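Asker: Below is a structure I'd like to ask you about.
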Amino acid sequence: TLVGYDADTEYRVNQATFETAFMWQGFSWAQEFHWKSIRNVETSEETELLGNYAMIGYFPGEVIESIPDPLEVGFRWSVFEPDESVNDADWSELTFAVNWLFSGHDNKVTAEYALFTAKDATDSESGGRWRLQWDIQF
Numbered sequence: 698t699l700v701g702y703d704a705d706t707e708y709r710v711n712q713a714t715f716e717t718a719f720m721w722q723g724f725s726w727a728q729e730f731h732w733k734s735i736r737n738v739e740t741s742e743e744t745e746l747l748g749n750y751a752m753i754g755y756f757p758g759e760v761i762e763s764i765p766d767p768l769e770v771g772f773r774w775s776v777f778e779p780d781e782s783v784n785d786a787d788w789s790e791l792t793f794a795v796n797w798l799f800s801g802h803d804n805k806v807t808a809e810y811a812l813f814t815a816k817d818a819t820d821s822e823s824g825g826r827w828r829l830q831w832d833i834q835f
């Protein structure tokens, strides 16, 4: 159940996703666009949600010999509109990340800093966030 949507009410949901990805000589790109339309069957009220993120990464060791091969730098930009009919209701984030890969992307440490903004018609919040994460997949 989506937050804000009563599980006891029937909804009609239409949605679509468009994705792209590309890798070439140390450069990577990934992107996802999401659209969702939710209609309350009882009241006919409809809400449209939009979201997108784009991420680029690069292994600078591909062109600068003195930089170790396991180091990757990346940027991610994301936006989300929780209700397209409400003006100025959107969330956005811009992130800079550095990855150190031990065993490809199956074992890596990521350090990142993100700038974010979350606003609706009556309130706005923005700030920054540091994060350190160790991903292990097996």
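In this note's numbering, the protein residues as written are 698 to 835.
We put the beta carbon where it would ideally sit given N, CA and C, even for glycine.
In this text, all values refer to a predicted model and were calculated from it rather than measured experimentally.
Between which two residues does the beta strand (DSSP E) holding residue 776 run?
Answerer: Residue 776 -> beta strand (DSSP E) spans 768 to 778.
Asker: Could you check if residue 756 is buried or exposed, using at least 16 other CB atoms within 10 Å of its CB as the buried criterion?
Answerer: By the 10 Å Cβ count, residue 756 comes out buried.
Asker: Mind reading off the beta-carbon distance from residue 718 to residue 726? Whole number of angstroms is fine, and I expect it under 8 Å.
Answerer: Correct: roughly 7 Å between the Cβ atoms.
Asker: Which same chain residues end up closer than 7 Å to residue 722 when comparing Cβ atoms and leaving out the 5 residues on each side of it in sequence?
Answerer: Answer for residue 722: 759, listed in chain order.
Asker: Ordered along the chain, which non-local residues of its own chain (more than five positions away) have a Cβ less than 6 Å from that of residue 766?
Answerer: Around residue 766: 758.
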